[in-house]
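See below for the structure under consideration.
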Amino acid sequence: MNCDDVNAKLSEFYDRELPADQMAEISEHVNNCDGCTAELRSFGQIGRLFREQGESITASGNWAGIVVRLDEQTGRFSKWRFPRSSYRLASLIAASLIAAVVIGYWAALRTSHDGIELVAAAHVHKTLTRFPQKPRAVVDELSTQYDGTLVSLAAAKELLGYEPVVSLLSSSGYRVASTHVLKMPCCKCSASLCVRQDGSEFLIFEHNEEQPMWFGDSPTISARCCGQVCHCAQMPDQLAVTWKVGPRFVTAIGVEGLDEIARLMAIVSLPNSAV
Amino acid sequence: MSLEDSLIRLAATGDREAQRLLYESLRDSISRLVSRIVDSSDVDDVTQEIFLHVFRVLGSFRFESEFTTWVFRLAVNDALQHLRRKRRRPLVPMGDLDMPCRSQQNPIENNEILSLALSKLDPELRVILHLKEEQEESYSRIAEILRIPEGTVGSRLNRARRELRTELLALGWGD
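Chains as they are written, first to last, in my numbering: chain V, 1 to 275; chain W, 1001 to 1175.
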């Protein structure tokens, strides 16, 4: 094998896409040829350059914009008219049947555990986006959906096996208005409605597994605060944040700003608070 | 039927939650692919158009190839199509462009140098480099996405790597 033969197959050799016999043949040539060795080394350097840059590329996206366009295409928001003819009535029946099939299909999908978790996470996200407008209604809806039990903090400790971190808030100017223990597909978790001194409310979850999907496609940044990494999401009309406290995750919805995030993290991350 | 298959079928019926889950699982990789083909200012718009296209024709997906292969193929075609349309539009006169200048004290970073060098390559070479170097796809999957013979993948990668190296060296790479 000469240099031209090797150069023609150098990418396949570098990417290990050749049969073993050809790999061995080219390897032997490269080991004894400075020119081909240099060529191969430059491929490796280019690969490293891509890998280094790959970590710095951030993707952005706009699901809301896509939904608007999809709705425009399907005419989902066109004005509803009561069917006046039998043709329209037939269309309505057909649409109902299709909806029944889709719902049945959706129900079948939900039998998969992963599917259930995905659906639940998507549902939680959808519900939480309404928190700024109707905080108490959101708590009620989550409680209904996830077999919630309204409990005192002491009772929550018995049900969960640990004392929710919100118990630390009362000495810092906040009040815990209610705590529900929810049976989510991922885990049993607590959801506490907390009240600021001005009467406004925010919600704190404590859960066993990280739930990035609760934030949907909201723009998210990672930050370090009080020596811990937190993920802050700009959800519609509100900030949300999640961080790890001991073996669990704490997620706050309806947070007012970065100062409040820092304050909450400092309060609930006190020594011995989380375990 | 796998969970992914169920999700695809459901998304094809227009279910927004299923569509959103597919979008979220593919957004990053499609956005990165697009960023290697079109101008950075167009990445978000083109990515959005690609997903709209995907959901519009999802019913025609026959499950004969991997779903991501099908989406990637569509994304490559749409992004290249965008580039062709844009090239037909009149160019901005050079004098109107506000080009940033660099001093010796502020050398080009490695990630900038790669983007600059890539921008000088033919779009099809950029795509194949992205699929191999960043998405780490096999030759058979690259061939499937680009609809080219598997044997052509190696020769096109050879050309792409060598042209990229030439452009990198011209920009002072490795100095």
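Glycine included, C-beta positions come from ideal geometry on N, C-alpha and C.
For residue i and chain V, any beta-carbon pair shorter than 7 Å?
i                      : result
residue 1061 (chain W) : no
residue 1134 (chain W) : yes
residue 1076 (chain W) : no
residue 1013 (chain W) : yes
residue 1154 (chain W) : yes
residue 1004 (chain W) : no
residue 1102 (chain W) : Residue confidence is low: residue 1102 (chain W) scores 37 on pLDDT, short of 50, so the model does not pin down where it sits. No coordinate-derived value is stated.
Kindly list, in the order they appear in chain V, the residues whose Cβ is closer than 8 Å to that of residue i.
i                      : result
residue 1114 (chain W) : 49, 50 and 53
Excluding sequence positions up to five away, which residues of its chain have a Cβ less than 7 Å from the Cβ of residue i?
i                      : result
residue 1021 (chain W) : 1007
residue 164 (chain V)  : 153, 156, 179, 190, 192 and 206
residue 1131 (chain W) : 1137, 1142 and 1145
residue 1043 (chain W) : 1031, 1034 and 1035
residue 1134 (chain W) : 1032
residue 14 (chain V)   : 40 and 43
Could you name the residues of chain W that residue i contacts, counting a contact when the two beta carbons are closer than 9 Å?
i                    : result
residue 67 (chain V) : 1016, 1019 and 1020
residue 26 (chain V) : The premise fails here: residue 26 (chain V) is roughly 12 Å from chain W at the closest Cβ pair, so nothing lies under 9 Å.
I want to verify the contact list: residues of chain W whose CB lies under 7 Å from the CB of residue i, in sequence order.
i                     : result
residue 276 (chain V) : A query on residue 276 (chain V) cannot be resolved here, the shown segment of chain V reaching from 1 to 275 and no further.
If we define contact as Cβ-Cβ less than 7 Å, is residue i a contact residue for chain W?
i                     : result
residue 63 (chain V)  : yes
residue 121 (chain V) : no
residue 96 (chain V)  : no
residue 11 (chain V)  : yes
residue 102 (chain V) : yes
residue 17 (chain V)  : yes
residue 80 (chain V)  : Confidence in residue 80 (chain V) is poor, its pLDDT being 39 and thus under 50, which makes the residue's placement too unreliable to answer from.
Could you name the residues of the same chain whose beta carbon sits closer than 6 Å to that of residue i, not counting the 5 residues immediately before and after it, in chain order?
i                      : result
residue 143 (chain V)  : 180
residue 220 (chain V)  : 231 and 233
residue 130 (chain V)  : 138
residue 1019 (chain W) : 1011 and 1055
residue 162 (chain V)  : none
residue 1173 (chain W) : 1113
residue 128 (chain V)  : 253
Show which residues of chain V have a CB atom less than 7 Å away from the CB atom of residue i.
i                      : result
residue 1165 (chain W) : 42 and 46
residue 1157 (chain W) : 11
For residue i, which residues in the same chain have their Cβ closer than 8 Å to its Cβ, ignoring the five residues on either side in sequence?
i                      : result
residue 18 (chain V)   : 9, 12 and 26
residue 1140 (chain W) : 1150
residue 194 (chain V)  : 166, 169, 174, 175, 176, 177, 201, 202, 203 and 204
residue 82 (chain V)   : Summary for residue 82 (chain V): the model assigns pLDDT 39, below 50, so the residue's position carries little reliability; its value from the coordinates is reported in the next sentence. Correct list: empty, nothing qualifies.
residue 1074 (chain W) : 1050, 1053, 1054 and 1057
residue 132 (chain V)  : 236, 237, 238 and 254
residue 1083 (chain W) : 1037, 1038 and 1123
residue 1090 (chain W) : For residue 1090 (chain W), the pLDDT reaches just 46, beneath the cut-off of 50, and the residue's location in the model is therefore unreliable, although a value from the coordinates is still provided. Once the five neighbours on either side are set aside, residue 1090 (chain W) has no close Cβ partner at all.
Please list, in chain order, the chain V residues whose beta carbon lies closer than 9 Å to that of residue i.
i                      : result
residue 1052 (chain W) : 66, 69, 70 and 73
residue 1055 (chain W) : 66, 70 and 73
I'd like to know whether the C-beta of residue i is nearer than 7 Å to at least one C-beta of chain B.
i                     : result
residue 175 (chain V) : Looking at the structure shown, chain B is missing, and the protein chains on hand are V and W.
Taking contact to mean 3 or more Cβ pairs, one atom from each stretch, closer than 8 Å, check whether the segment 153-162 of chain V and the segment 1050-1060 of chain W are in contact. Touching, no.
Quick one: which residues of the segment 1023-1047 of chain W get their C-beta closer than 9 Å to a C-beta of chain V? List them in chain order. Residues of the segment 1023-1047 of chain W with a C-beta atom less than 9 Å from some C-beta of chain V are 1023, 1024, 1027, 1028, 1029, 1030, 1031, 1032, 1035, 1043, 1044 and 1047, listed in chain order.
Under 8 Å: do the segment 1113-1121 of chain W and the segment 1009-1018 of chain W share three or more Cβ pairs, one atom per stretch? No, the segment 1113-1121 of chain W does not touch the segment 1009-1018 of chain W.
Given a limit of 9 Å on CB to CB distance, which residues of the segment 203-217 of chain V reach chain W? Listed in sequence order: 213, 216 and 217.
Contact between the segment 229-246 of chain V and the segment 254-263 of chain V is defined here as three or more beta-carbon pairs at a separation below 8 Å; is this criterion met? Touching, yes.
Between the segment 1044-1052 of chain W and the segment 1025-1036 of chain W, are three or more C-beta pairs nearer than 8 Å? Judged by Cβ distances under 8 Å, the segment 1044-1052 of chain W makes contact with the segment 1025-1036 of chain W, as three or more pairs qualify.
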